[in-house]
Each structure stands twice: as structure tokens, then as C-alpha cells.
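Asks: Take this structure, written in C-alpha cells, and hold onto it; I'll ask about it next.
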Amino acid sequence: MKRTDRARTWALGIWSTAALLYLFIPIFIVVLFSFNNNKGRFNFTWHGFTWRHWAHPFSNPDLATALKNSLEIAAISTVIATALGTFMALALVRYGFRGRGATDMFVFLPLATPEVVLGAALLALFLTLNVNTGFVTIVIAHVMFNISYVVVTVKARLEGMDQYIEEAAMDLGAGVWATFWRVTLPVIAPGVASAALLAAALSVDDYVITSFNAGQTLTFPLFIFGATRQGVPPEVNVLATGLLFVVLILLALNVVVQRARGRREAAVAAVPAVVGAPANA
Amino acid sequence: MLRLSLRRRRQLLPYLFLGPGLVWLVVFFLIPILNQSYVSLESGNADIGYSFSWNWSVYSDAVSSYHTQFTRSLIYAGAATVIDLIIAFPLAYFIAFKAGRLRNFMLLLIVLPFFTSYLVRTVSWQLILSDNGWVVDRLRDVGLVSSNGRLLATSTAVIAGIAYNFLPFMALPLYVSLEKIDRRLIEAATDLYASRATAFRKVTLPLALPGVFAGSLLTFIPAVGDYINALLLGTPNQYMIGNVIQSKFLNILDYPSAAALSFMLMGVILIGIAIYARLLGTRSLTEAAAA
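Respectively, the protein sequence lines represent chains U and D.
113 is the number that this note's numbering gives to position 123 of the first sequence; each next residue is one higher, with no gaps.
Each number in this note's numbering corresponds to the 1-based position in the second sequence with 2 added.
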């Protein structure tokens, strides 16, 4: 009995390790080929090691513009979506009101809609209203799909929060806003931070919805897609690797900050929140 | 100015909090989706423009012209969902029950790859599976791929790409539902002389079922609408309904039939969600999405 148990655990462990390795295969290739001393336009076969591309990641002006646009769009849409979504989550968790269940379901719907439908439907609206697509419409679209992600992430955090400390603050004379800024927000801050990080990541990565609503504006994923036809330049690998490192550092910071706050259960709760609902893109 | 009582204010507050976000979603999500049904009934062509005309034939035309891509999408997405379930269930089980202190670290490893760009990952698979690549060469050596056979540009490649890209959508809800199981129930079963296998079959599995359904739905939905994998890893023979919608919308400018197709795709998915909600309620689904 004991021996078969151990064998079973081992088998599970090996399966799990293999599965995780499988997830990292393409990432490994991406990082590796950022160091490839490639000949010509194509970066498909290994020609030896070089730092060349890391020294000049922005040598392609289109790529530099695309990345700049992506980061700006991500910053703006993340701020808007996080603000709107956090208040929605607050309303949905803290207050009983008519239509709460329906609202809950409605907020979930964009997550359950294929991106091609979201993108196409939004473009059809812009065409109907004669709105020119570009930077602004991309931001509108990104806020739209990010709100729902923010709501579900912050809701999860709020549901784990002790409601009585808010009531205590109010009993002690704090108004609605004072309670929100001085009590609720500090407690749910890790959840809000995870939500913002997730929203930014989804925004930077989104290709499908953006491709419908971009007009002449180039973003990082749009550049990559255009490049797939004539060979993706190694600078893309460099920047993709760089972005991954930035995310890693932000994730580590989030964990460190929470540890420092001395809330062990918060750290445990935060990882699923941070990791949760990864790129729909 | 009339001062509202605290109670009154508390009643208004949720609407105030919800308002801005809800308006955004109504204007840029709900109205566009409804607008699609309107656009789909228009007739005309790209040169003279389109006008509304109750043109129901768009729907029958769409079905007769693109049922191949529709069924192909369902088959590919279904296959990818099953593959993900097979890969992710043992993984999620291991993390929930055996990983101990490594638990958060392993969860992080599941999502980390997905912080690289979706396109970059898929292009990377293109390279890995390419005709003169190392993988194809080795598979030819051992005879799993015939000497002129390929991996890229096959339905296998497209399904594998979809399965790869949506794996976390399966793994995380599974983990959440497994992690929630009260261990004492499993102990009770073994104490009552159930074998490990029986305890798994009669206790663990039924309790993990909401996670299985939620994970399957959350994997299937983006998979069925996907067109990037078919575009980059397949050929027009592997194109899915998303490819058709995309090219009709952006290349051919045939808005009515693109709208009709995306409206039907949405319909298929809503039916799926409705069946799920009937069986298990919406609570577990939104919860799984938060995972």
C-alpha cells in the first residue's frame, strides 16, 4: 500500500514536471534566438551566439514606435480599467441591490466572448458611427475587455476581507470616502495591484481585438504579426524576453511587499490572484 | 439642499460605484454585440455600401458556405480542450495535494510563459515544428514522421498550438476546485475501507467536477474563436471560423456576413454557458474565472 502510494506520487510529480517543461519550450526558444547571430532576414536556424541584438533592441524604428504605443496604451487603459473595475467590484461585493446577480453575469460575459467577436463587433460600431479608428479606439477597446478581469480579480480579494473593520471605521465617524481611502483600499491594495498588472499584461499582449480597432496605429503585437510574413527580427525576441523579465520583477516585488506587510495569508491568496486569468490574448 | 440620510446614501452608493464601468461595458460591449445583429441583416456590397433590409439570407448563406469551418472549429477546440484536461488534471492534482511548499511556485510556473506575447509564443512553435527543424528531423529518424512528412501546416500542429496557448485556462480552475476539497472527506472514505482508487472515483472526482466543467468551458470558448494558431501553424485547409470572420471583416469588407457569423459563434457559446449554468449555477464559473 505505502509503496504504490509513493510510486503514484512519483508518477504525478514526473507528469507535472514534464507538463511544466512543455510550457517553457517555446519560451526557451524565444530567449535562445534573441542571442542568435542570424544571417539575412530570417531568424529560423542557429548561427552562433551574439550580443548584437541586445545591444541595439530599438534599431528598427517601426518596432520602437510600436512598443512605445503599446506601453502608452497599456498605461492609460490600465489606469481607467482598474479604477472603474475596482469600484464595480466594491459595489458587487459590499452592497445588496436589485439586479446584483444579473450585473454579476453581465460583467462576466465579455470574458466568455471570443476576441474575434469582441473586436469585430466594436469595429462595426465604430464604422456605423463613422468614428476613425486609431490610438483612442484601441484604448477604448482595451479598457472594455480589461474591466471584467479587474472586477473578478478585485472581487476575489474583497470576498476574503473582513467586512467588520469597514463597519468599525464608519461607526467611529469615518465617512464613506474616508473609509474607502483609509481602510478598504489599503487592505485590497494587493488585489488591485494584481488586477492592474494583469490588465497591463493583457493590454500589451492583445493582438486580435487591437487588429480590428487600430486603424493606422502600430502596436507591438501588430508589428510582430506583420513581421511573421517576412521573418520576425531577433529584436522582437530581445524585447519579448525583456518584457518577461519586467513582469517577473513586478511579480517578485508584489510578493516581497506583501511579505513585508506581514500578512502570510495574503501572500498565499495573492499568487492565484496574480496568476489568475492569464492572457486571453 | 436636502441632506440625504445615511441610509439613503448607502442605497445610492452601489449604483454610483457601478455606474461608470457599467456604462463603458454597455456602450462598448453590449451595444456592439446587438449592433452586430442589425449589421448582419443589411445588404449591399463593399463598393456601394450597406443598408438595412431584413436580409435573412445572410444566415442561410453563411451556414451553407462555412459549415466546414464551423464544424472544424468545434472539433479543433474540443480536441484541444480534451488534451488540456488530460495534461492539466494530474498537474493540478499534484499542486493541490502533493506540492506542499512548492505550491505557489508551481502555480507561478504555469502562468509565467503566458506573460510572453501570444504571437511570439506561436511563432516560436512555428520555428520548433518547421520542416527542417530539429524536432521533425528526430521524428523522421525514428519513423514517426515519414521522410517527406511535416508537422507544420497540419491540423495536428493547429490543435497542439491551441492546446498549448489555453492550458492555464484549464489548469487554474481545476486547481481551485481540487484545492477546496476537504481532505477529511477523502480520509473518511479510506477509513471506511474504500481503496485509494475508489476514494478518488467516488469522492475527489465528483467534488472536482465543477472545476472540470469550468476549465473546459474557459478553454473551449477562446479556442473555438481562435484564428491565430490556424493562421500561423496551419494552411487554409485548417482555417477556422475565426479566420473567416477576420478576413471577411478586414480584407473582403463583407460586413453583413462577418457579423452574421460572429453572431452565430456567440450564439453557440451562449448555449454552452446556459447549459453549464443550468447544471452547476453561474457562481462556480465566475469564481473559476477569478482564479
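Just so you know, even glycine gets a beta-carbon here, dropped at the ideal spot from N, CA and C.
Can you find a C-beta in chain D that's less than 8 Å from the C-beta of U:P268?
Replies: Looking up residue 268 of chain U in the first sequence gives position 278. In this prediction, U:P268 has a pLDDT of 41, which is less than 50 and means its spatial position is unreliable; nothing more can be read from the coordinates.
Asks: Since U:T207 and U:V140 should fall inside the 8 Å C-beta cutoff, what is the C-beta to C-beta distance between them, to a whole number of angstroms?
Replies: For the purposes of this step, residue 207 of chain U is identified with residue 217 of the first sequence, where counting begins at 1. For the purposes of this step, residue 140 of chain U is identified with residue 150 of the first sequence, where counting begins at 1. Not a contact, Cβ separation roughly 24 Å.
Asks: For the segment 150 to 195 of chain U, list the alpha helix (DSSP H) runs that are entirely contained and at least 4 residues long, ordered along the chain.
Replies: Listed in chain order, they are 154 to 161, 166 to 169, 175 to 195.
Asks: Using 8 Å as the limit for Cβ to Cβ distance, is D:N37 near chain U?
Replies: As a first step, residue 37 of chain D must be located in the second sequence, where it is residue number 35. With 8 Å as the cut-off, D:N37 counts as an interface residue toward chain U.
Asks: Let's see if you can read the secondary structure: which residues bound the alpha helix (DSSP H) around U:A56?
Replies: Walking along the first sequence from the start, residue 56 of chain U turns up at place 66. Segment 51 to 84, the alpha helix (DSSP H) holding U:A56.
Asks: With a threshold of 8 Å between beta-carbons, can D:L76 be considered close to chain B, or not?
Replies: No chain B appears in this structure, whose protein chains are U and D.
Asks: Checking contacts by CB at 8 Å: is U:E105 closer than that to chain D?
Replies: The sequence position of residue 105 of chain U within the first sequence is 115, counting from 1. At least one chain D Cβ lies under 8 Å of U:E105.
Asks: Buried or exposed: D:P34, going by 16 or more other Cβ atoms within 10 Å of its Cβ?
Replies: Position 32 of the second sequence, counting from 1, holds the residue named residue 34 of chain D. Buried is the call here.
Asks: Helix, strand or coil for U:N26? Go by DSSP, reduced to three states.
Replies: Within the first sequence, residue 26 of chain U is the residue found at index 36, counting from 1. Note: U:N26 maps to strand in three-state DSSP.
Asks: Around the Cβ of U:A168, are there at least 16 other Cβ atoms within 10 angstroms (buried) or fewer (exposed)?
Replies: The count along the first sequence starts at 1 and reaches residue 168 of chain U at position 178. With fewer than 16 Cβ atoms within 10 Å of its Cβ, U:A168 is classed as exposed.
Asks: Rounded to whole angstroms, what is the Cα-Cα separation between D:V235 and D:V160?
Replies: By 1-based counting over the second sequence, the position of residue 235 of chain D is 233. By 1-based counting over the second sequence, the position of residue 160 of chain D is 158. With the sequence shown as reference, residue 235 of chain D is identified as Leu, and Val is not the correct amino acid for it. Their Cα atoms are separated by approximately 5 Å.
Asks: Please list the terminal residues of the continuous alpha helix (DSSP H) segment that includes D:A81.
Replies: Within the second sequence, numbered from 1, the residue matching residue 81 of chain D stands at position 79. 59 to 99 is the span of the alpha helix (DSSP H), which, as asked, contains D:A81.
Asks: Closer than 8 Å, Cβ to Cβ, to anything on chain D: give me those residues from the segment 2 to 28 of chain U, in chain order.
Replies: Listed in sequence order: L2, G3, W5, S6, A9, L10, Y12, L13, F14, I15, P16, I17, I19, V20, F23.
Asks: Consult DSSP for D:Y229 and reduce its assignment to one of helix, strand or coil.
Replies: Your numbering for residue 229 of chain D matches position 227 in the second sequence. Reduced to three states, the DSSP call for D:Y229 is coil.
Asks: Return the residues of the segment 116 to 137 of chain U that lie within a Cβ-Cβ distance of less than 8 Å from chain D, sorted by chain order.
Replies: Hits within the stretch, in order: L117, T118, I130, A131, V133, M134, I137.
Asks: Write down the C-beta distance between D:G274 and D:L233 rounded to the nearest angstrom, noting that I regard them as a contact closer than 8 Å.
Replies: One-based indexing of the second sequence puts residue 274 of chain D at position 272. One-based indexing of the second sequence puts residue 233 of chain D at position 231. At roughly 24 Å, the Cβ-Cβ gap does not stay under 8 Å, so D:G274 and D:L233 are not in contact.
Asks: Report yes or no: do three or more beta-carbon pairs, one from the segment 203 to 212 of chain D and one from the segment 60 to 76 of chain D, lie closer than 8 Å?
Replies: Verdict: no, contact absent.
Asks: Against chain D, which members of the segment 72 to 95 of chain U pass a CB distance test of less than 7 Å?
Replies: Listed in sequence order: L74, G75, F77, M78, L80, A81, Y85, F87, T93, D94, M95.
Asks: Counting only Cβ pairs nearer than 8 Å, list the residues of chain D close to U:V177.
Replies: Residue 177 of chain U sits at position 187 when you count from the first residue of the first sequence. Here the premise fails: no neighbours, minimum Cβ distance about 17 Å.
Asks: Please report the distance separating the alpha-carbon of U:A189 from that of U:H132.
Replies: Along the first sequence, one-based indexing puts residue 189 of chain U at 199. Along the first sequence, one-based indexing puts residue 132 of chain U at 142. For U:A189 and U:H132, the distance between alpha carbons rounds to 9 Å.
Asks: Taking the Cβ atom as the reference point for each residue, do D:V147 and D:L154 lie within a distance shorter than 8 Å?
Replies: As a first step, residue 147 of chain D is located in the second sequence; it is residue number 145 there, counting from the start. As a first step, residue 154 of chain D is located in the second sequence; it is residue number 152 there, counting from the start. It is not a contact, given that the beta carbons lie outside the stated cut-off.
Asks: Could you name the residues of the segment 173 to 199 of chain U whose beta carbon sits closer than 9 Å to any beta carbon of chain D, in the order they occur along the chain?
Replies: Under the 9 Å Cβ criterion, the segment 173 to 199 of chain U contributes A191, V194, D195, D196, Y197, V198.
Asks: Is the beta carbon of D:L187 closer than 8 Å to that of D:V205?
Replies: As a working mapping, residue 205 of chain D is identified with position 203 in the second sequence. As a working mapping, residue 187 of chain D is identified with position 185 in the second sequence. For D:V205 and D:L187, yes; Cβs fall inside 8 Å.
Asks: Does the segment 209 to 216 of chain U come within contact of the segment 71 to 85 of chain U, defined as at least 3 CB pairs closer than 8 Å?
Replies: Not touching, per the Cβ criterion.
Asks: Does the segment 85 to 96 of chain D come close enough to the segment 142 to 161 of chain U that 3 or more CB-CB pairs lie under 8 Å?
Replies: Counting Cβ pairs under 8 Å, fewer than three are found: no touch.
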